[in-house]
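Chains A and B are the protein sequences, given in the same order. Using the numbering used here, the first residue of the first sequence is number 4, and each one after it goes up by one. Using the numbering used here, the first residue of the second sequence is number 735, and each one after it goes up by one. Where is the CB? At the ideal position from N, CA and C, for every residue including glycine. The structure appears right after this line, and notes come after that.
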Amino acid sequence: GNPVPQHDEL
Amino acid sequence: MNLFRLLGDLSHLASILVLLHKIQTSRSCRGISFKTQALYVAVFVARYLDLFWRYISLYNSAMKVFFIGSSCYILYLMKYRYRPTNDPSIDTFRIEYLLVPCAILSLIFNYNFMPTEILWSFSIFLESVAILPQLFMLQRTGEAEAITTHYLAALGIYRALYIPNWIYRYFTEGVIDPIAVTAGIVQTGLYLDFFYVYFTKVLQGQKFELPA
């Protein structure tokens, strides 16, 4: 997977 | 999106509306730490300027605009419109003790050593401790208006709800974000003392008073 999380949380 | 996160975000939204309501109806920002509010502006600007290059959803973008806008508006109210009711002499927490360690931590712990990711980490670490000047002020004065405690409770519940959200996401999506989770647990922990007094006193109709 992508090592950088999506940052889809506020 | 899951229910924990949605309720958490709504609790965050509610906390800001409660704070605005308190300031507007009492025409006063007494009992509110300007430093904590200024730190939240720094947190939101550092994290949510990704509005301009990362699109998640309309919900996500609208919330980001609201958090940046409302936090700046609160600073404006405290600094200008209701300035005489803001007492800096009891808001004495040294915020450089928070800013410097958070800056150093964000340089060490980030998902990619690039400005946007370092800013993101910085905002996560800073958010986790941004409430300290406010809690410190509460500790000094030893009491608070009920509405101020409702504001703090909503803010604490928002953070607490993010924890089941991460557990849920781990099991359903396999997603884990160690930086956000670690900082989030620390942040929620800071509210435990406050929650104890809030649930045992304020919600029983008593005044919020800390033991001497």
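Simplified DSSP state of residue i, which is helix, strand or coil
{"i": "B:Phe-843", "result": "coil"}
{"i": "B:Ala-914", "result": "helix"}
{"i": "B:Glu-877", "result": "strand"}
{"i": "B:Glu-830", "result": "helix"}
{"i": "A:Glu-12", "result": "coil"}
Exposure of residue i, with buried meaning 16 or more beta-carbon neighbours within 10 Å
{"i": "B:Gln-940", "result": "exposed"}
{"i": "B:Lys-752", "result": "Checking the sequence shown, residue 752 of chain B turns out to be Val, not Lys. Buried: at least 16 other Cβ atoms inside 10 Å."}
{"i": "B:Ser-791", "result": "exposed"}
{"i": "B:Val-936", "result": "buried"}
{"i": "B:Asn-844", "result": "buried"}
{"i": "B:Phe-786", "result": "exposed"}
Host alpha helix (DSSP H) of residue i (start-end)
{"i": "B:Lys-769", "result": "768 to 782"}
{"i": "B:Trp-854", "result": "849 to 863"}
{"i": "B:Asn-794", "result": "792 to 810"}
{"i": "B:Phe-738", "result": "737 to 760"}
{"i": "B:Thr-934", "result": "926 to 934"}
Reference residue i; option with closest CA among the options
{"i": "B:Gln-921", "options": "B:Arg-739, B:Ala-946, B:Ile-891", "result": "B:Ile-891"}
{"i": "B:Gly-876", "options": "B:Asn-844, B:Phe-800, B:Asp-821, B:Phe-942", "result": "B:Phe-942"}
{"i": "B:Thr-944", "options": "B:Gln-938, B:Leu-937, B:Tyr-930", "result": "Sequence check: residue 944 of chain B is Leu here, not Thr. With distances taken between Cα atoms, B:Leu-944 lies closest to B:Tyr-930."}
{"i": "B:Leu-773", "options": "B:Ser-745, B:Thr-882, B:Ser-857, B:Gln-938", "result": "B:Ser-857"}
{"i": "B:Arg-828", "options": "B:Ala-878, B:Ala-864, B:Leu-783, B:Tyr-814", "result": "B:Ala-864"}
{"i": "B:Leu-737", "options": "B:Val-909, B:Ile-901, B:His-755, B:Leu-839", "result": "B:Ile-901"}
{"i": "B:Gln-771", "options": "B:Lys-756, B:Leu-783, B:Gln-758, B:Met-812", "result": "B:Met-812"}
{"i": "B:Phe-859", "options": "B:Asp-825, B:Pro-912, B:Tyr-807", "result": "B:Pro-912"}
{"i": "B:Ala-946", "options": "B:Thr-882, B:Ile-910, B:Leu-872", "result": "B:Leu-872"}
Between the CA atoms of residue j and residue i - distance to the nearest angstrom
{"i": "B:Val-775", "j": "B:Ile-852", "result": "17 Å"}
{"i": "A:Val-7", "j": "B:Ser-762", "result": "43 Å"}
{"i": "B:Tyr-885", "j": "B:Lys-769", "result": "16 Å"}
{"i": "B:Pro-898", "j": "B:Arg-815", "result": "39 Å"}
{"i": "B:Val-799", "j": "B:Ala-888", "result": "20 Å"}
{"i": "A:Glu-12", "j": "B:Asn-794", "result": "8 Å"}
{"i": "B:Arg-781", "j": "B:Asp-743", "result": "15 Å"}
{"i": "B:Tyr-789", "j": "A:His-10", "result": "10 Å"}
{"i": "B:Leu-754", "j": "B:Ser-760", "result": "10 Å"}
{"i": "B:Ile-757", "j": "B:Arg-739", "result": "27 Å"}
{"i": "B:Arg-764", "j": "B:Ala-837", "result": "30 Å"}
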